[in-house]
Amino acid sequence: MNQKINSAVLNKIFRDSGIQYGLKEFEDIKPVEVLDIFEKEKGKFYVKCLKREKNILLFNSEKNLSKPEEVIRQLWLFKLVKYYNYPLDRIDLEKDIRFGHEIHAKAADIIVYREDKITPLVIIETKNPTVEKGLDQLKTYINSEGAPIGVWSNGVEKVVLYRPYPREFQTLRDLPRADQTIEDVLEEKLTLDDLQKDYDLVKILKILEELVLAGAGVDSFNEIFKLIYAKLFDEKEARKRKDNEVYFRQSKDSKITYDVINKLFQSACNEWPGVFNSHEKIDLAPNHLSVCVDEFSKIRLLNSNLEVIDAAFEYLLPDVAKGKKGQYFTPRHVIDMAVKMLNPKDDEYVIDPACGSGGFLIHAMRYVWNNDLKQADKTAKTDYARKYIYGIDFDDKPVKIARAMMLIAGDGRSHILKLNSLNTKEWQGDESEKERARAELRERLHKFEDYDKDKNNKDNFKYFDYDILLSNPPFAGEIHETPLLKEYDLAKNDKGKLRNKMERHILFIERSLELVRPGGRLAIVLPQGVFNNSNMEYVRDYLLEKARILAVVGLEGNTFKPHAGVKTSVIFLQKRNEKEKSPKDCPIFMAVSKKSGKDNSGEYVYRKDKDGNLMFDSQGKKILEHDLDEIAEEFRKFREEKKINY
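For the sequence shown, UniProt numbering begins at 1 and goes up steadily by one.
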């Protein structure tokens with residue numbers, strides 16, 4: 001067996017799958033070591049089947065033919081024998097499926113029999129890694145053959161189904177070994193060490209939609225969020241338990257599962273108030289809940305990969321809800337560029353007044369952790385997050401996302417506040433959440449030497465002293481309320497007369513400058529029209545009066561697709577002192593992105609090598625094809641050359 005040939009061929013076989021040949025499902029096996037792959041004729045590679053002892057064609061370069069699903073099937077055969085201890089004489093391949101007296105044209109990929117070697121026990125369907133559906137087909141096979149267990153696997157994700165007749169299909173964390181029953185698997189304890197740290201949460205959500213959520217008759221966003229909160233609490237408490245046991249798992253009785261998870265959810269509500277009402281409970285039916293719990297029980301949320309969680313939340317938040325309010329998740333490579341260019345320090349307060357899911361805040365936090373706090377311990381990093389990171393948003397669902405993201409990142413009490421940044425009159429009131437928000441914001445208010453000004457500011461929460469502001473304010477919507485417009489200079493024309501209406505993002509520019517201290521730095525995503533259109537000249541004049549423009553980066557037109565096609569730029573500012581005059585000659589860094597990391601449809605585009613193969617970073621993740629890192633690096637050099645210090 002030639003390991004070098006194996007690696008090269010497996011890379012070719014999976015070239016269109018967007019993954020490396022290693023395959024997450026089989027990382028502990030090392031496919032290149034257990035599969036006998038060889039070149040029989042030039043450009044034709046075969047694998048010796050573990051069951052049939054014959055050679056199966058895997059790859060034909062001449063006909064551009066590859067069979068990744070056959071690799072996955074062979075790896076499953078290996079696992080069944082070596083890990084699950086099923087003898088080969090109880091395993092069959094490509095067995096025709098019967099429907100009554102008819103034989104189905106499609107054969108099951110693998111069937112495992114009971115000890116009698118006649119009665120089906122497990123049916124396994126193997127798929128290409130690009131295939132994400134097929135559970136309905138597996139259910140049909142299970143029902144037709146009377147097998148209690150089925151496995152669907154595409155090499156990246158697997159789903160283990162079982163049917164506790166006459167109830168609906170349920171899921172199992174894993175396939176029972178030859179010496180185990182289904183009950184044995186359900187009763188197995190779970191510990192923190194058993195939980196996966198490398199997973200695709202979007203794919204898990206798609207599996208849950210196919211299994212239960214699509215027909216559950218509940219708000220999927222809220223129900224998944226309840227489970228995430230319950231799981232976060234359980235993982236936090238598991239650190240204190242014997243053997244770090246986790247309670248968030250399926251039991252053999254779905255009603256017991258329901259009671260346990262609901263109790264964890266109530267405890268989470270008490271631990272982190274302000275996200276759900278104390279009287280709320282999980283609305284999923286016990287059977288549906290069991291399936292969701294089983295899928296979530298396999299993974300670890302606390303301190304996990306934030307990009308994975310973030311992508312899942314973006315998937316959960318309906319496009320319709322985002323579009324109506326002009327809210328779109330800012331691509332994370334855009335956020336990375338903005339954070340690098342503002343270069344936050346470990347003693348600087350950061351705010352996003354339209355924080356959405358908290359992307360800017362989390363990336364700013366991680367940037368400080370990886371730079372100024374690189375040598376600090378976990379406690380110091382958590383203390384920084386709790387003290388220096390602030391986010392405000394008016395929409396309930398993004399606020400929930402941002403709070404969960406901060407919890408997952410390791411911060412238990414973040415300053416994520418549900419308020420309308422543009423209208424501080426709405427901040428007043430006796431509601432506990434508003435009182436708590438005012439208390440958290442009060443210490444960051446700007447302090448005026450004049451007593452009356454200072455008292456007015458304490459009453460109205462207008463001027464603050466944040467060091468860093470990063471934001472992508474909502475573009476959609478106009479403000480018509482006269483009392484609110486009166487609060488903004490930009491809402492008045494050059495003669496001081498109040499305009500009838502104002503676009504929301506224009507008011508956000510003024511509000512953002514009010515939130516930072518003199519000398520503070522800002523990065524704001526804005527429509528290109530603010531910089532180009534003649535009717536926006538008064539906005540540009542306002543910016544030049546109030547701030548030094550450090551940089552303007554034009555983003556490529558596909559950056560915010562598929563949600564929005566509007567061209568945008570990121571403006572970087574440094575707020576002036578009140579008495580500071582605008583210098584006549586002030587260098588401004590200008591750049592235009594040519595590579596957005598997306599195509600015209602809004603799908604992500606990944607970097608390829610000269611042979612057309614996808615490129616991966618040191619962590620095995622695909623490398624996005626964009627140029628924003630280079631722009632951030634050029635700005636760093638520009639700052640050094642022009643001696644722009646901050």
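Note that the Cβ used here is the ideal one computed from N, Cα and C, for glycine as well.
Item                                                                                                                                                            : Value
When you compare the segment 190 to 202 with the segment 230 to 250, are there three or more beta-carbon pairs, one atom per stretch, that lie closer than 8 Å? : yes
Threshold first: 4 residues or longer. Then list the alpha helix (DSSP H) segments lying entirely within the segment 249 to 300, N to C.                        : 254 to 271 and 286 to 296
In three-state DSSP terms, what is Asp319?                                                                                                                      : Low confidence applies here, because Asp319 scores a pLDDT of 48, under 50, leaving its location unreliable and the question unanswered by this model.
Applying the 10 Å Cβ sphere with the 16-neighbour rule, what's the burial state of Asn472?                                                                      : buried
What would DSSP say about Ser593, mapped onto helix, strand or coil?                                                                                            : coil
Does DSSP put Tyr466 in a helix, a strand or coil?                                                                                                              : strand
Measure the C-alpha to C-alpha separation of Leu614 and Leu624 and round it to an integer number of angstroms.                                                  : 10 Å
Only counting the same chain, and skipping five residues up and downstream in sequence, which positions put a Cβ closer than 8 Å to that of Gly520?             : Asp465, Tyr466, Asp467, Ile468, Leu469, Gln574 and Lys575
Tell me Lys374's beta-bridge partners as DSSP assigns them.                                                                                                     : Paired residue(s): none; Lys374 is not in a bridge.
Rounded to whole angstroms, what is the Cα-Cα separation between Asp92 and Lys12?                                                                               : 28 Å
If you follow the alpha helix (DSSP H) that His415 is part of, which residue opens it and which one closes it?                                                  : Run containing His415: none in the alpha helix (DSSP H); it sits in the beta strand (DSSP E), His415 to Lys418.
Whose C-beta lies closer than 6 Å to the C-beta of Gly554 among residues of the same chain, with five residues either side of it excluded?                      : Ser569 and Val592
Would Leu417 pass as a contact of Ala404 if the rule is Cβ separation under 7 Å?                                                                                : no
On the three-state DSSP scale, how would you describe Lys324?                                                                                                   : Since pLDDT at Lys324 reaches only 45, below the 50 mark, its modelled position is unreliable, and the value read off the structure follows with that caveat. The answer is helix: DSSP assigns Lys324 an H, G or I state.
Identify the continuous beta strand (DSSP E) that holds Glu125 and give its terminal residues.                                                                  : Pro120 to Thr126
Scan the segment 152 to 230 and note each continuous beta strand (DSSP E) run of 3 residues or more that stays entirely inside, going in chain order.           : 158 to 162 and 170 to 172
Is it the case that the Cβ atoms of Tyr162 and Pro148 are separated by a distance below 7 Å?                                                                    : yes
Quick one: grab the DSSP three-state call for His626.                                                                                                           : strand
Tell me the rounded alpha-carbon separation between Val9 and Lys203.                                                                                            : 26 Å
Determine the closest residue to Lys44 out of Asp450, Phe59 and Asn55, with distance taken between C-alpha atoms.                                               : Phe59
Can you grab the Cα-Cα spacing for the pair Gln266 / Glu280, in whole Å?                                                                                        : 8 Å
So what does DSSP say about Tyr21, is it helix, strand or coil?                                                                                                 : For Tyr21, the pLDDT reaches just 48, beneath the cut-off of 50, and the residue's location in the model is therefore unreliable, although a value from the coordinates is still provided. Of the three classes helix, strand and coil, the one that applies to Tyr21 here is coil, per DSSP.
Does the segment 339 to 351 touch the segment 361 to 375, meaning 3 or more C-beta pairs lie closer than 8 Å?                                                   : yes
Reducing DSSP to helix, strand and coil, say where Asp352 ends up.                                                                                              : strand
Can you give the beta carbon distance from Pro68 to Pro129, rounded, assuming they're within the 8 Å contact cut?                                               : 6 Å
Span of the alpha helix (DSSP H) holding Thr482?                                                                                                                : Thr482 to Leu485
Within 10 angstroms of the Cβ of Leu88, are there 16 or more other Cβ atoms? Answer buried if so, exposed if not.                                               : exposed
I'd like the span of the alpha helix (DSSP H) that includes Val566, first residue to last.                                                                      : No alpha helix (DSSP H) holds Val566; DSSP gives it neither H nor E.
For Asn456, which residues does DSSP report across the bridge?                                                                                                  : In DSSP, Asn456 forms no bridge with anything.
Using the Cα positions of Ala476 and Ser534, report the straight-line distance between them to the nearest angstrom.                                            : 20 Å
Please classify Thr119: is it buried, with 16 or more other beta-carbons within 10 angstroms of its beta-carbon, or exposed?                                    : exposed
Check Asp92 in the structure and name its three-state DSSP category.                                                                                            : strand
When the distance is taken between beta carbons, is Leu507 closer than 7 Å to Lys546?                                                                           : no
Which residue comes first and which comes last in the beta strand (DSSP E) that contains Gly519?                                                                : Val516 to Pro527
Can you tell me the Cα-Cα spacing of Phe461 and Glu481, whole angstroms?                                                                                        : 19 Å
Can you name, in chain order, every residue of its own chain whose Cβ lies under 7 Å from the Cβ of Lys608, other than the five neighbours on each side?        : Leu614 and Met615
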